[in-house]
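So the sequence lines, in the order shown, correspond to chains H and U. The first sequence: position 163 = 191 (our numbering), numbered continuously. The second sequence: position 275 = 877 (our numbering), numbered continuously. All residues carry an ideal CB built from backbone N, CA and C; glycine is no exception.
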Amino acid sequence: MTQAQLAQGTSPLLAVHDVSVVFGGIIALNGVSFDMHKGQILGLIGPNGAGKTTLFNCLSRLYQPSSGDILMEGASILSRPPHRIAEIGIGRTFQNVALFPNLSVMDNVRVGAHSKTSSDIISDSLRLAWVRRSESSVNEKVHEILAYLKLEDVAHTVVSGLPFGTQKRVELARALAADPKILLLDEPAGGLNHEEVYVLGDLIRRIRDDRHMTVLLVEHHMGLVMSIADHVVALNFGKKLAEGTPAQVQADPDVIKAYLGSKDQ
Amino acid sequence: MSTAEDVVTEAPAIEAVPKRAMTLGTGTSVVVLLLLLAVPLFAKNFIIFQLTQLLYLGLAVLALNILTGGSGQFSLGQSAFYAVGAYVTAVMMEAFNINYVLCLPIAGVLCFGFGFLFGQPALRLSGVYLALATFALATAMPQLLKLNFLEHWTGGVQGLVVTKPDAPFGLPMSQDMWLYYFTLAIVLAIYIFSVNLLRSRSGRAFMAIRDNEIAASAMGVNVALYKTLAFGVSAGITGVAGGLSAIAVQFVAPDSFTITLSIQLFLGMVVGGVGWLPGSIVGAAFIIFVPNIAEGISKGLSGAVFGVLLFFVIYLVPHGARQVAIMGQQLVGRLKKN
């Protein structure tokens, strides 16, 4: 919290500026703006269809906004193809877990370091000295992350056979392997039980503090968002409803109406 | 808040093996290598020729394995790359008198380029649609080789006879035996490079694309680049295999490179185990020897017998030679325990 407050005065790490997305005649996002500051955990909430995932997909460049801009450290990301987002320090996880099911845990996490390394097919085929050096530094990094997330026991297991909760941790490990500045988490609590959600909350906070990351948390689970986010943005029908501290947003009459419906309905 | 629980749906598109299980153990490798080195010393020239055939067809199956088992892309167009490799080698040897040792890398590089370029339009296709597009390539190739304006070099419908090279440095070896060891050296080198490649950052990128394109892209993998690279690598290796076949068979003709060859290679890959590189040689053995066995059982119904044998293999060991190897390993493990 203190970190986030200190950073408030400086320029934002990520700025979403007046972003609109239109699919055919449907307005999925309508002029949404907010800033993310270094060290923050920003919670993005809203009922189903509010535009959370659309916004998320704009950030990972799967969708192109119809208007508006998204700036990472002052530079627009909108001209970058999806595979060139990781290299500027934006890492992500997926809503339904999108691992590489036939690869081991270790290899999944190694792929996470792809954007941090370079190679070409000829050097790789010949296993040149510089390739071996780069591989061993990747392995070191991967082992450190696996230890951090307590995944060492399953390092060589193929991920498709692992329990869902473990797979989610592997996905987090894979995202961490690129040392992102911003971690985008798409509904990390989905499919977890009550206890696991609180463990996850602790973990996200720990990652932010230990690894100096900024986290964008898109989440349905209100309890999780309210307990770990520094700042909350609420969306509904593609528009920003409210923004502020968890307490402010929770007390906002528009947010309450969006979630519970108004009396006269 | 109660929301619908996320349902995990997993659809492993293609059966694949984890990286550690991609190769043979050191002990097995040494035994296989010694066998490959020693057998020709005790065999007749015809058998040696068949073993050479086994090696270069195994190489072509390995190339398809990198493409399908590695990057998850189907191809029924391998015969086209194989034909280009064979023709480039044959034409360079006969029309331009270039040494066969130099012809093979040139054929490989040209086929890499051809495969890489073909991979560009193929980027928009996947699964059965990609199989169809590559099928079109395989169907077109024999006729392209018969074109009139190329006839001066290719010999048109007649094909082209290739001179068999002698053993160099006055080595006391028959031509067949020399060609066998020459082929073995090239195939081994490419096998080692391929294993290295699939174990590297590039190979992981291939497999990441095979398993989940969107996630691979989010990790910074340039999906289009690696897909076309996989096509290029596969085509390049297939081209070298084709070149070796031209030298070994001493003849190239358009109708040796029809879609049937592509289907045989595909069959070899499945029988050997998709994604398991050592299986390539087993797959090649299947496509060379099983038709002969079928003919031995019944001359008139050899096709039907082959079909039945193939059916049994697919039914009993759907993951091919790789599955047999795993079962063997488990058996040895159990015996050791007792």
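Open item on the list: Can you confirm whether serine 631/U, when its beta carbon is compared against all beta carbons of chain H, has any partner nearer than 8 Å?
Closed with: Serine 631/U does not count as touching chain H.
Open item on the list: Measuring straight from C-alpha to C-alpha, what distance separates aspartate 230/H and serine 146/H?
Closed with: Going by the C-alpha atoms only, they are around 34 Å apart.
Task: Pair within 8 Å by beta-carbon distance, arginine 873/U and alanine 923/U - done: Sequence check: residue 873/U is valine here, not arginine. Going by C-beta atoms, valine 873/U is nearer than 8 Å to alanine 923/U.
Open item on the list: Quick check on this structure: which residue in Gln68/H, Ser104/H, Ser164/H has the alpha carbon closest to the alpha carbon of aspartate 237/H?
Closed with: Selected option, being the one with the closest Cα: Gln68/H.
Task: Rounded Cβ spacing between serine 94/H and serine 48/H (contact assumed at less than 8 Å) - done: Contact holds; Cβ gap of about 5 Å.
- [ ] Consult DSSP for isoleucine 928/U and reduce its assignment to one of helix, strand or coil.
- [x] Isoleucine 928/U falls in the helix class under three-state DSSP.
Task: phenylalanine 648/U versus isoleucine 700/U - alpha carbon distance - done: Roughly 27 Å between the two C-alpha positions.
TODO: Starting from valine 763/U, find everything on chain H with Cβ-Cβ shorter than 8 Å and list it in chain order.
DONE: In chain order: nothing, as chain H lies at least about 34 Å away.
TODO: Flag this pair as touching only if the region 819-838 of chain U and the region 708-719 of chain U have three or more C-beta atom pairs under 8 Å; answer yes or no.
DONE: Flag = yes, the region 819-838 of chain U and the region 708-719 of chain U touch.
Open item on the list: With distance defined between alpha-carbon atoms, name the residue in Thr654/U, Phe771/U, Gly844/U nearest to leucine 706/U.
Closed with: Selected option, being the one with the closest Cα: Gly844/U.
Task: Alpha-carbon spacing of serine 631/U relative to aspartate 768/U, whole angstroms - done: So the alpha carbons of these two residues sit roughly 29 Å apart.
Open item on the list: Since valine 137/H and valine 170/H should fall inside the 8 Å C-beta cutoff, what is the C-beta to C-beta distance between them, to a whole number of angstroms?
Closed with: Rounded, the Cβ-Cβ distance is 5 Å, consistent with contact.
Open item on the list: I'd like to know whether the C-beta of histidine 142/H is nearer than 8 Å to at least one C-beta of chain U.
Closed with: Answer yes: the Cβ-Cβ gap between histidine 142/H and chain U drops below 8 Å somewhere.
TODO: Enumerate in chain order the residues of its own chain whose CB-to-CB distance from arginine 936/U is below 6 Å, with the five nearest sequence positions on each side excluded.
DONE: Cβ within range, chain order: n/a, list empty.
Task: 8 Å Cβ cutoff, valine 24/H in contact with chain U - done: In the structure as shown, chain H begins at 29 and stops at 293. Residue 24/H is therefore absent and cannot be evaluated.
Open item on the list: Three or more C-beta pairs under 8 Å: does that hold for the region 849-862 of chain U against the region 876-894 of chain U?
Closed with: Flag = no, the region 849-862 of chain U and the region 876-894 of chain U do not touch.
TODO: Enumerate in chain order the residues of its own chain whose CB-to-CB distance from glycine 758/U is below 7 Å, with the five nearest sequence positions on each side excluded.
DONE: Counting only residues of its own chain and dropping the five nearest sequence neighbours on each side, glycine 758/U has a CB closer than 7 Å to the CB of Lys748.
Open item on the list: 8 Å is my cut-off, CB to CB: does leucine 799/U come that close to chain H?
Closed with: It does; some Cβ of chain H falls within 8 Å.
TODO: Confirm, please, whether the CB-CB distance from glycine 96/H to aspartate 46/H is below 8 Å.
DONE: Cβ atoms of aspartate 46/H and glycine 96/H: closer than 8 Å.
- [ ] Measure the C-alpha to C-alpha separation of valine 663/U and leucine 800/U and round it to an integer number of angstroms.
- [x] Each residue's alpha carbon lies about 15 Å from the other.
- [ ] Express the C-alpha separation of leucine 869/U and isoleucine 788/U in angstroms, rounding to a whole number.
- [x] So the alpha carbons of these two residues sit roughly 23 Å apart.
Task: Unbroken beta strand (DSSP E) run spanning threonine 242/H, endpoints - done: From DSSP, the beta strand (DSSP E) with threonine 242/H extends over 242-246.
Open item on the list: Is isoleucine 816/U close to chain H? Criterion is C-beta to C-beta, closer than 8 Å.
Closed with: Taking Cβ atoms only, chain H reaches closer than 8 Å to isoleucine 816/U, which makes this a yes.
Open item on the list: Going by C-alpha to C-alpha distance, which of Ile173/H, Pro110/H, Ala126/H, Gln123/H sits closest to alanine 141/H?
Closed with: When each option's Cα is compared against that of alanine 141/H, the closest is Ile173/H.
- [ ] Assess, as a yes-or-no matter, whether the region 682-697 of chain U is touched by the region 890-907 of chain U under the definition of 3 or more beta carbon pairs within less than 8 Å.
- [x] Too few Cβ pairs lie closer than 8 Å, so no.
Open item on the list: To test your reading of the DSSP string, which unbroken alpha helix (DSSP H) runs of 4 or more residues are found completely within the region 121-182 of chain H?
Closed with: Here the runs fully enclosed are 133-140, 149-154, 157-176.
Task: Those runs of the alpha helix (DSSP H) which lie wholly inside the region 775-801 of chain U and span at least 4 residues - done: Fully enclosed alpha helix (DSSP H) runs of 4 or longer: 777-800.
- [ ] State the Cα-Cα distance for the pair asparagine 264/H and alanine 286/H, rounded to the nearest angstrom.
- [x] Roughly 7 Å separates the two Cα atoms.
- [ ] Could you check how far apart the C-beta atoms of isoleucine 150/H and isoleucine 210/H are, in whole angstroms? I think they sit under 8 Å.
- [x] With a Cβ gap of about 34 Å, isoleucine 150/H and isoleucine 210/H do not count as contacting.
- [ ] Please work out which residues of its chain come closer than 7 Å, Cβ to Cβ, to isoleucine 113/H, disregarding the five sequence neighbours upstream and downstream, and give them in chain order.
- [x] For isoleucine 113/H, where only same-chain residues beyond five positions count, the Cβ hits under 7 Å are Ser88, Arg89, Ile105.
Task: Uninterrupted alpha helix (DSSP H) stretches inside the region 197-266 of chain H (no shorter than 4 residues) - done: Every alpha helix (DSSP H) of 4 residues or more that sits fully in the region 197-266 of chain H is shown, in chain order, as 222-239, 250-256.
TODO: For the beta strand (DSSP E) containing methionine 100/H, list its first residue and its last residue.
DONE: Unbroken beta strand (DSSP E) run through methionine 100/H: 95-100.
Task: Straight-line Cα distance separating isoleucine 792/U from glycine 660/U - done: Between glycine 660/U and isoleucine 792/U, the C-alpha separation is close to 11 Å.
Open item on the list: Short of 7 Å in beta carbon distance, which residues of its chain neighbour threonine 741/U, apart from the five on each side in sequence? Order them along the chain.
Closed with: Excluding residues within five positions, the ones whose Cβ falls inside 7 Å are Ile861.
Open item on the list: So with CB distances below 8 Å, who are the chain H contacts of serine 804/U?
Closed with: Ordered by position in chain H, the residues that pass the 8 Å Cβ test against serine 804/U are Ser147, Asp148, Ile149, Asp152.
Open item on the list: Threshold first: 3 residues or longer. Then list the beta strand (DSSP E) segments lying entirely within the region 57-84 of chain H, N to C.
Closed with: Scanning the region 57-84 of chain H for uninterrupted beta strand (DSSP E) segments of 3 residues or longer gives 69-73, listed from N- to C-terminal end.
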